[in-house]
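Residue 524 in our numbering sits at position 288 of the sequence shown, and the numbers go up by one each step.
Down below is the structure, laid out as structure tokens.
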Amino acid sequence: MPTLINGKEVSEKIQQEIAAEVEQLIKAGKRKPHLAAVLVGNDPASQTYVNSKIKTCEKVGFTSSLVRFDENVTETELLKKIEEMNEDAGLDGYIVQLPLPKHISEQKVIEAVKPSKDVDGFHPINVGRLVLNLPTYISATPYGIVHLLEYYKIETQGKHCVVIGRSNIVGTPMSILMAKNTPLANCTVTLCHSKTKNLKEHTLQADIVIAAIGRPNFVTGDMVKQGAVVIDVGINRVTSTETKSGFKLVGDVKFDEVAPKCSFITPVPGGVGPMTIASLLKNTLLAAKKEIYK
Ligand code: NAD
């Protein structure tokens, strides 16, 4: 049977390390790192994500603040607030929770965030710095996956990594990270997407499969070679007769079929998910210590 990658445990460990660093900062007379979240509207999933980010901030000793806007806020009003936050010396980093209502341009908002405070790592300057191997805020989910591989000492050098999905927040930065000339990467990377022909031919050659598609149980047992490492980024809500709510969360990987073939696999929930927040806090600590932008 495979080793189950326990993202909750690794995330807790990273949070403890961050909390210890915060104590050191305070001892050295510095203020607590401060992360803010901007939430527009009442999307339940977004509210859950933001609440859990705030709760975890408090746990590690950060200051956290929530800026809430009604669904009908104008783009101009939101951009004005972003400008204020960019200039606020008491704020180290902030995130604007996506998705935004349709009348607001997400791209405009992403580009309005000052790169030195863009702890989500979505600004084109930070993405460009990632591509060029310069110090940057790496977007939280791919960064979390790299931490998991490192924690479980999973060999990556020279391995073939197949990333499925090319979104700006997961698949694309993931593929760049895994191809980097660093000890935690150095893979040969194939990036597959919705137009890839014969996907299975690619995945069957992979030592490491990273699935970020958003389709429940998409990766099946016949698509994965014996001994592969499988990282499941997907979080899909499907109807279920097993739960009281009538819903449950499943990944992009058909776990029961795929797991017996793997050397390592992430479960959903409890795999990649908890790592995203830990990485966001890591980025905020880097911002507070001015380690990326001096
Ligand atoms: P997205 O919808 O932006 O991108 C999905 C990608 O999958 C696209 O690039 C598309 O080309 C590819 N794709 C779609 N159908 C395909 C097919 N048939 N074959 C091959 N590729 C196909 O999604 P996203 O934002 O990258 O998120 C992906 C999944 O990861 C979702 O389930 C999301 O909820 C989850 N997610 C989890 C976390 C976390 O913290 N664990 C964070 C972000 C996203």
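Virtual Cβ for every residue (Gly too), placed ideally from N, Cα, C.
- Length of the line joining the Cα atoms of K283 and K289: What you label residue 283 is simply residue 47 of the sequence shown in a count that begins at 1. What you label residue 289 is simply residue 53 of the sequence shown in a count that begins at 1. A small correction: the amino acid at residue 283 is Gln; Lys does not occupy that position in the sequence shown. Cα to Cα, Q283 sits roughly 10 Å from K289.
- Item | N308 versus G463: straight-line alpha-carbon distance, rounded | Within the sequence shown, the letter at position 72 stands for residue 308. Within the sequence shown, the letter at position 227 stands for residue 463. Those two C-alpha atoms are separated by around 50 Å.
- Message: Assuming the contact rule is C-beta atoms closer than 8 Å, K344 and G297 should be a hit. Round their C-beta distance to whole Å, please.
- Response: For the purposes of this step, residue 344 is taken as the residue at position 108 of the sequence shown. For the purposes of this step, residue 297 is taken as the residue at position 61 of the sequence shown. K344 to G297, Cβ: 34 Å. No contact.
- Within the same chain, show all residues whose beta-carbon is closer than 6 Å to that of I467, passing over the 5 residues directly before and after it, in chain order. In the sequence shown, the residue the question calls residue 467 occupies position 231. The residues are I381, I446, T502.
- Message: Assuming the contact rule is C-beta atoms closer than 8 Å, P378 and L413 should be a hit. Round their C-beta distance to whole Å, please.
- Response: Here residue 378 refers to the residue found at position 142 when the sequence shown is read from its first residue. Here residue 413 refers to the residue found at position 177 when the sequence shown is read from its first residue. Yes, they are in contact, since the Cβ atoms of P378 and L413 sit about 5 Å apart, within 8 Å.
- Message: Closer than 8 Å is the cut-off here; do at least three beta carbon pairs connect the region 356 to 370 with the region 481 to 499?
- Response: no
- Task: Report the three-state DSSP secondary structure of R267 (helix, strand or coil).
- Result: Against the sequence shown, residue 267 aligns to sequence position 31. Three-state result, R267: coil.
- Select from M410, V332, R402, I318 the residue whose C-alpha is nearest the C-alpha of L366. Translated into positions along the sequence shown, residue 366 becomes position 130. Selected option, being the one with the closest Cα: M410.
- Tell me K518's beta-bridge partners as DSSP assigns them. By 1-based counting over the sequence shown, the position of residue 518 is 282. Bridge partners of K518: none, in fact.
- Check: T418 C-beta below 7 Å from any heavy atom of ligand 1: Residue 418 sits at position 182 when you count from the first residue of the sequence shown. No.
- ligand 1 heavy atom lying under 7 Å from the CB of C428: For the purposes of this step, residue 428 is taken as the residue at position 192 of the sequence shown. The answer is yes for C428.
- Message: So, under 8 Å CB-CB, V355 and N519 are touching, yes? Tell me the CB distance rounded to an integer number of Å.
- Response: Taking the first residue of the sequence shown as position 1, residue 355 is located at position 119. Taking the first residue of the sequence shown as position 1, residue 519 is located at position 283. V355 to N519, Cβ: 4 Å. Contact.
- Task: For K295, I'd like the list of residues in its chain whose CB is within less than 8 Å of its CB, leaving aside the five on either flank, ordered along the chain.
- Result: As a first step, residue 295 must be located in the sequence shown, where it is residue number 59. If we look at K295 and ignore the five residues flanking it on each side, its Cβ neighbours are Q251, A255.
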